[in-house]
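Protein chains in written order, with this note's numbering: chain X, 26 to 370; chain B, 26 to 370.
Think of the CB as a built atom: it goes at the ideal place given N, C-alpha and C, for glycine as much as any other residue.
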DNA sequence: TTTCACTATGTACACGTGTACATAGCCTAA
DNA sequence: TTAGGCTATGTACACGTGTACATAGTGAAA
């Protein structure tokens, strides 16, 4: 492992000149620069990143928190949808980081440590910033009060160095309902994920609002809440079907929930989409392979990953604009939605 | 940000004593130790990890390479199955790292840089070791020749500080065939993933071997190769069905491929499992939600993540045993396999 | 009392880099 | 010629920690 000292000796200059030649900014004579680069090449020198981080007081590293912190079995406690969704976002965070030359750090050591040390713990690692795919209220507060540039995803954390990014769940649910309305549906059921989660609440509200704007009064009996997974959505759909049959379409809180609802409908002998139309949310890959393939509202994972990194970089560079970014969703029409049946039920 | 200097001043001792008190090993008087800990608590001191890494010449960080390196669009170039499979392994790597207090580093900055600098680039970041979920031959060689402890997953890289972990694809395919044989199937088709990949080759060979051991001669016409995805497997199955109908079971190279095959079978009016049984490979989550739910060979993602980290730690600690770890697979019987039909076809 | 072993602690250097400041050399303008 | 400015470069300190070595103090054995 060659050091800049050896490069300097070989090039016949001082270590300071080596540093200046490699980091560009300061003026160095063309001749000295050439000798330094020759020495670097011949020794295969690479600067010691840890030493650079120490003296520069920062690093080109972004901390990423992918897993909920209150669990020793991370992903299995995630809801099924968010698992696939966040991993898709991570993919695009990484892709963007590649372009900008940033590394990604999963600060696993923070699990089980006191929350109030979280930000400090990241600071001692000199991370440039932080992207939180999961965060409880304590960590949000801890980060906001620190000086670490932070971007929250799907959590509304905001501060002088922190902001957030989320999908436009409100408009997304509106797109789903609008699509169904345009197909002639009037009695639309909602099987929504937990409204304790912001996403669950927004998706329900967005649907109801669009319904109301079309002059259709809300029917509380057609709104059911369930956990964000196949099994609970299946149960919720079965319960709904046991009580009511007067709807022609269902809006699901997520694609996984739609899979459970689809099964419940099919078991009751209802055909999708001839008897009942069904719309999911997320556009996970499996949507294409259900029968029928699922019409859904796509969350833009590419944009979320990319914009999270871009927004973070601006914060790292000192930007003071901490207005949140709301990413548009997109209706993807497949085969689970069709015209409303002529005679109501 | 308090430093050990301030802790020392407050505790009325020297910085060396602070360091000794916190790092435990050396002998410090009980009184001094107590004063140091009191000062640490009152200042909220946390040691600077970057400075520690510099002086200790290593860090508690494991580099993880999740994405193929020859691509600026990483995951989208992954086959569908390996995408979900490797992310599951990553989950368990992280889980294990939490327990051991290691951070995970995604060295994104290495993309697009010359391969021969890869290991050195990790060294300048003082990583303790490296887990490669993807690696081309050049990187394997580069890492093996370096002194960085490395564990490859599904690549047979081995060296004085490097070894590998993989699923027992051979035995796994055997389990699939054995299951079908026990149900009375004799004419079994194979739609396998690319045999350029080790996994594809092993899964085909393992199936054929088990068949041969039962005295059933191999029928080359019942073996088809396709890409590792739904669409190509669907096409391969359609082509097979256009030529032959004399098989009662299909072994797929992966679960995603099984989904495509299932569709092709269904479109031909064949019932699964009444007319044709179908076995997948991987046990991705979606297997439970196809109709019928898919019988498959489960790869043990929990064990692979956990053992990859454990094996790496032993290498970091200086172990010289670099024998590979072959993780057993498990047959998961669901509804896509049943008794062979009485009259052959 | 003297010697020796042992414990607790402080001093000083090392890790590998960036950069403020000083300085030597050179050119230009007066 | 001389003063002044500008450029290229070297010196020395800083980043925050770990630890080898030296040393002062203590107690026990002779």
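Within 7 Å of the CB of residue 255 of chain X, the CB atoms of chain B belong to 314, in sequence order along the chain.
Shown in chain order are the members of the stretch 122-142 of chain X whose Cβ falls below 7 Å from a Cβ of chain B: 122, 123, 126, 127, 128, 129, 130, 131, 132, 133, 134, 136, 142. Remark: C-beta atoms of residue 86 of chain X and residue 130 of chain X approach each other more closely than 8 Å. In this structure, the alpha-carbon of residue 110 of chain B lies about 13 Å from that of residue 322 of chain B. Rounded to whole angstroms, the gap between the alpha carbons of residue 256 of chain X and residue 359 of chain B is 17 Å. Around the Cβ of residue 235 of chain X, a 10 Å sphere holds 16 or more other Cβ atoms; the residue is buried. Bounds of any beta strand (DSSP E) do not take in residue 319 of chain B, whose DSSP letter is neither H nor E. For residue 44 of chain B, no chain X residue has a C-beta closer than 9 Å to its own C-beta; the minimum C-beta separation is roughly 15 Å. Setting aside the 5 residues that flank it on each side, residue 239 of chain B is surrounded in the same chain by 206, each with a C-beta closer than 6 Å to its C-beta; the list follows chain order. Residue burial annotation: residue 174 of chain B is buried, with at least 16 other C-beta atoms found within 10 angstroms of its C-beta.
Identification of chain X residues near residue 284 of chain B by a Cβ-Cβ cut-off of 8 Å yields 314, ordered along the chain.
In the DSSP assignment, residue 352 of chain B is bridged to B:192. Distance from residue 72 of chain B to residue 39 of chain B at the Cβ level is roughly 16 Å; contact not present, criterion being Cβ atoms closer than 8 Å. DSSP places residue 280 of chain B within a helical segment (H, G or I) once states are collapsed to three.
Residue 366 of chain X has a beta carbon lying at 8 Å or more from every beta carbon in chain B. For residue 172 of chain B and residue 279 of chain B, the gap between their C-alpha atoms comes out near 35 Å. Cβ-Cβ distances below 8 Å link residue 167 of chain X to 140, 141, 143, 144 in the same chain, with the five nearest sequence neighbours on each side left out; the list follows chain order. Out of X:127, X:224, X:292, X:66, the CA that lies nearest to the CA of residue 89 of chain X is found in X:127.
Contact of residue 85 of chain X with chain B is assigned, a C-beta pair being separated by under 8 Å. Within the same chain, and ignoring the five residues on either side of residue 333 of chain X in sequence, the residues whose Cβ sits closer than 7 Å to its Cβ are 118, 156, 176, 178, 190. Within 7 Å of the CB of residue 151 of chain X, the CB atoms of chain B belong to 75, in sequence order along the chain.
Taking C-beta atoms as the reference points, residue 193 of chain X and residue 341 of chain X fail to come closer than 8 Å. In the structure shown, residue 44 of chain X falls within a helical segment according to DSSP collapsed to helix, strand and coil.
In this chain, the alpha helix (DSSP H) harbouring residue 339 of chain B covers 326-341. By the criterion of a C-beta distance shorter than 7 Å, residue 241 of chain X is surrounded in its chain by 211, once the five residues flanking it on both sides are discounted. Annotation: residue 326 of chain X has no Cβ neighbours in chain B at a cutoff of 7 Å; minimum Cβ distance is about 10 Å. Contact annotation for residue 311 of chain X against chain B: 311, 314 [CB-CB distance below 8 Å, chain order]. Listed along chain X, no residue sits closer than 8 Å to residue 329 of chain B by beta-carbon distance, the nearest being about 14 Å off.
Within chain B, 26 have C-beta atoms less than 7 Å from the C-beta of residue 148 of chain X, given in sequence order.
Every alpha helix (DSSP H) of 4 residues or more that sits fully in the stretch 116-164 of chain X is shown, in chain order, as 143-148.
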